[in-house]
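Undergrad: Taken in sequence, the protein lines are chains H and Z. Take 1 as the starting number for the first sequence in our numbering and just add one per residue. Take 1001 as the starting number for the second sequence in our numbering and just add one per residue.
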Amino acid sequence: MDLLSNLWLGLQVAAEPITLAYCFFGVLLGTVVGVLPGIGALAAISLLLPLTYHMPPTAAIIMLAGVYYGAQYGGSTASILLNLPGTPSSAVTCLDGYPMAKKGKAGVALFVTTIASLAGAMSGLVLLVLFSPAIASIGLKFGPAEFFSMMVLGLVAASSMTAGSAAKGLCMVVFGLLLGMVGTDVNSGVARFSFDVPELMDGINLIALAMGLFGVAEVVRCINSADTNQKPEKVTLKSMVPTKDEFKATVKPMMRGSALGSALGALPGVGPSIAAFMSYAIEKKVAKDPSRFGQGAIEGITAPESANNAAAQTAFVPSLSLGIPGDAVMAVMMGALIIHGIQPGPNLISEQPDLFWGLVVSFGIGNLMLVILNLPTIGLWVALLRIPFAWMYPAIIVFVALGVYSVNNNAFDIYSVAALGIMGYVLMVLRFEPAPLLLGYILGPMLEEHLRRAMLLSRGDPMVFLERPISASLLACTAAMLGWAIWSTVRKSIKAKRALDDAERLATT
Amino acid sequence: MKITRDIHDLIGGLLMVAAGLFFVLYGSQYNFGTSSRMGPGYFPVVLGWTLAVLGLLVALPAWWRKGAGVTVQWSNLAWTIASLLVFAVTLQRLGVVVASFLAALLALVPSAMTLRTRLIVCAVVALLTTLIFPLALQMILPIWPWSN
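1) Would you decide whether residue 370/H is buried or exposed? Buried here means 16 or more other CB atoms lie within 10 Å of its CB.
2) Between the Cα of residue 349/H and the Cα atoms of 339/H, 297/H, 322/H, which residue gives the shortest distance?
3) How many angstroms separate the CA atom of residue 283/H from the CA atom of residue 316/H?
4) Quick one: list the residues of chain Z neighbouring residue 391/H, beta-carbon separation under 7 Å, in chain order.
5) Under 9 Å between the Cβ atoms of residue 167/H and residue 1054/Z?
6) Pair every Cβ in the stretch 102-118 of chain H with every Cβ in the stretch 294-304 of chain H, then say whether three or more of these pairs are closer than 8 Å.
7) Using only the alpha-carbon positions, how far apart do residue 271/H and residue 312/H sit?
8) Helix, strand or coil: how does DSSP classify residue 314/H here?
9) Going along the chain, which unbroken runs of the beta strand (DSSP E) with 3 or more residues stay wholly within the stretch 1012-1072 of chain Z?
10) Helix, strand or coil for residue 1001/Z? Go by DSSP, reduced to three states.
11) At the 9 Å Cβ level, is residue 1103/Z part of the contact set with chain H, yes or no?
12) Expressed to the nearest angstrom, what Euclidean distance is found between the alpha-carbon atoms of residue 43/H and residue 320/H?
13) Which same chain residues, not among the five before or five after residue 485/H, have their C-beta less than 6 Å away from its C-beta?
14) Do you know whose CA, among 17/H, 6/H, 61/H, 2/H, lies nearest residue 26/H's CA?
15) Residues in its own chain within less than 6 Å of residue 443/H by CB, not counting five upstream and five downstream?
16) Counting only beta-carbon separations shorter than 9 Å, does residue 1143/Z have a partner in chain H?
17) Could you pull the start and end residues of the alpha helix (DSSP H) that residue 149/H belongs to?
18) In angstroms with no decimal places, state the Cα-to-Cα distance between residue 1072/Z and residue 264/H.
19) Could you tell me the alpha carbon to alpha carbon distance between residue 227/H and residue 1108/Z, rounded to whole angstroms?
20) Under 8 Å by Cβ, that's how I've got residue 425/H and residue 220/H pegged, so tell me the actual separation to the nearest angstrom.
21) So what's residue 266/H in DSSP terms, helix, strand or just coil?
22) From what residue to what residue does the alpha helix (DSSP H) around residue 1117/Z run?
23) What's the call for residue 433/H, buried or exposed, on a 16-neighbour Cβ count within 10 Å?
24) In terms of residue numbering, what span does the alpha helix (DSSP H) encompassing residue 55/H cover?
25) So, is residue 1025/Z buried or exposed, given that buried needs 16 or more other C-beta atoms within 10 angstroms?
26) On the criterion of 16 or more Cβ atoms from any shown chain inside 10 Å, does residue 360/H qualify as buried, or is it exposed?
27) Pop quiz: residue 173/H and residue 482/H are said to be a contact at Cβ under 8 Å. What is the actual Cβ separation, rounded to whole angstroms?
28) Mind checking if residue 1095/Z is an interface residue toward chain H, Cβ cutoff 9 Å exclusive?
29) Compute the beta-carbon to beta-carbon distance between residue 1103/Z and residue 397/H, rounded to the nearest angstrom, for a pair I have assumed lies under 8 Å.
30) Between the Cα of residue 452/H and the Cα atoms of 147/H, 340/H, 490/H, 343/H, which residue gives the shortest distance?
31) Give me, in chain order, the residues of the same chain whose beta-carbon lies closer than 8 Å to that of residue 35/H; leave out the 5 immediate sequence neighbours on both sides.
32) Residue 120/H to residue 138/H, Cα distance in whole Å?
33) Measure the beta-carbon distance from residue 389/H to residue 171/H and round it to whole angstroms, keeping in mind my assumption that it falls under 8 Å.
34) Can you give me the Cβ contacts of residue 1008/Z inside the same chain, cut-off strictly under 7 Å, excluding the 5 residues immediately before and after it?
35) Thinking just about the alpha-carbon of each residue, which of 419/H, 189/H, 141/H is nearest to the one in residue 469/H?
36) Identify the continuous alpha helix (DSSP H) that holds residue 137/H and give its terminal residues.
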């Protein structure tokens, strides 16, 4: 069997002691940043990025990926114990996890979410193994028109399906695309938007942008939240064992969550957060007694946790099979591959089989490591939550500065982190989502390149995007999504206008 | 009672309009080209217009919507940025130990810590940074002010 020999190849790569060590370090760090509210996987990955320059590419990507899915495990801990989501995708877990903790069931909740995470991740992994090679072989037939349409779909999906308004998400994507334009244009050699600053000729530094948006801005926001620090209760191993009924109640939600998360995660632009939210909504719909939700329903934590972990695994499908990252974290990891001279795309699996299959097998190993990390050592993570944020953030700032400095050994990059950090904080204050911006920034140059090529081949006829069936159907999906976004925005605006009118009438009378 | 409009989106949308127009104006100095042979100016200018229109779409509905005022943690922002800048300036001149100590000290200004813990945290940051970056990761950096 082809698949078996491929997996054997992957096992050989992933089981090398040095790779195992990197994988362990990745999932460990992922758990730490997942547990700690305020620092996310993105900040951690961009912090590690400069360090991966001197590592073999496979080990580098295995470690970075470990941080990503490790954070999904750790994220639920703070949600359950403190009602603070450690990662955006575990925000849903607060809804029922925290009430469970208040009832003295924190241990059970932590145990169940870990098992649900494992189940979700494993089913996502199966999907990844089965579908990526197939999608890649379709991707080989893609021309520039298809790639362009696929990226547009991913960008629109990532922006219009965020929690906030679709128009703001789209703004962020376009703004990100524009930031991606800074630097030397590959076709003409013109330095665009560089303002005669030599450092800007190479474009805005990816690491500086990611750290500014997700590191500095988050630190600024969280400094004072540390003063109102709650102390989590201690959790004993004994309290983690669920009763038979509790265990039974989790099986079906776990399966539903895994299936939904795996399917959604594979779509470009749909990440773990959306998968978690949708699976929570579905559980509420199918439950016999929906009123229990929000009061500590065990289904309310299992389904979303398996969904977000499944989605975190299948998010690798579009990135590894087509070279189109589905969310910002994937985009940064693509950036890491490109830095190592590996061009992500449909050829990746056939040209770099040891990288792809090694990564896949390492996911399996890493997820098992995470279960071991999360169950017996839970006391350690709870203790980690007792450290006040004020003791940690000065170190984060210094690490951010040194990490970005190490890319080019140039202090200019620290100044850019400062400037981009201000920008990130302004966007945060104005409630713009930074993740679509980063995705746009990474896809910008690729999008332009494919657009130019497609239009050159068609002699300037834009109909080429509609005449090719794959491209046309991708654009149709995009149009449907935009239509839905516009419709719901208009509906919301009318409602808001009425509310304002009512309030003003009340204020005047 | 005074009713506030949705200031966030109003400011945000207008900022996006400004950014879009900036890219359009600044980008118009580059060759626009034709749609079959796009110049370096084509994509940025088109995107700039798109951003300006989207910004309007964010700002306009916000005028007809209720919202809360904007809160900005000015001092947190100022001290964090100051800490980054001081680190950038002092790193090569004074070495990792002093630069990270100073940066941590500045970053801690907005927190409510006693002087002793403050100094301990800064010392730990300086120690960790020195252990991780120049020693463990072999980055070439001056450690002390006199190691240049």
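Backbone N, C-alpha and C define an ideal beta-carbon position, used for all residues, glycine too.
TA: With the given structure in hand:
1) buried
2) Ranking 339/H, 297/H, 322/H by Cα distance to residue 349/H puts 322/H first.
3) 26 Å
4) 1121
5) For residue 167/H and residue 1054/Z, yes; Cβs fall inside 9 Å.
6) Enough Cβ pairs lie closer than 8 Å, so yes.
7) Going from the Cα of residue 271/H to the Cα of residue 312/H covers about 7 Å.
8) helix
9) Here no run is fully enclosed.
10) Any reading at residue 1001/Z needs caution, since the residue's pLDDT is 44, under 50, leaving its predicted position unreliable; the model's value is listed next. DSSP places residue 1001/Z in coil when its eight states are reduced to three.
11) yes
12) 22 Å
13) 160, 166
14) 61/H
15) Here the set comprises 151.
16) no
17) Element bounds for residue 149/H: 144-160.
18) Cα to Cα, the separation comes out at about 36 Å.
19) Low confidence applies here, because residue 227/H scores a pLDDT of 46, under 50, leaving its location unreliable and the question unanswered by this model.
20) 5 Å
21) helix
22) Per DSSP, residue 1117/Z belongs to the alpha helix (DSSP H) from 1115-1130.
23) With 16 or more Cβ atoms within 10 Å of its Cβ, residue 433/H is classed as buried.
24) Looking at the DSSP string, residue 55/H is not in any alpha helix (DSSP H), and its letter there is neither H nor E.
25) exposed
26) Its Cβ being crowded by 16 or more others within 10 Å, residue 360/H is buried.
27) Rounded, the Cβ-Cβ distance is 12 Å, inconsistent with contact.
28) no
29) Between the beta-carbon of residue 1103/Z and that of residue 397/H there is about 6 Å, and that keeps the pair under the 8 Å contact cut.
30) 147/H
31) 74, 75, 77, 78, 86, 381, 384, 385
32) In a straight line, the C-alpha of residue 120/H is about 26 Å away from that of residue 138/H.
33) Contact flag wrong, Cβ pair sits at about 30 Å.
34) Excluding sequence neighbours, residue 1008/Z sits near 1067, 1070.
35) Closest option to residue 469/H, Cα to Cα, is 141/H.
36) 106-139
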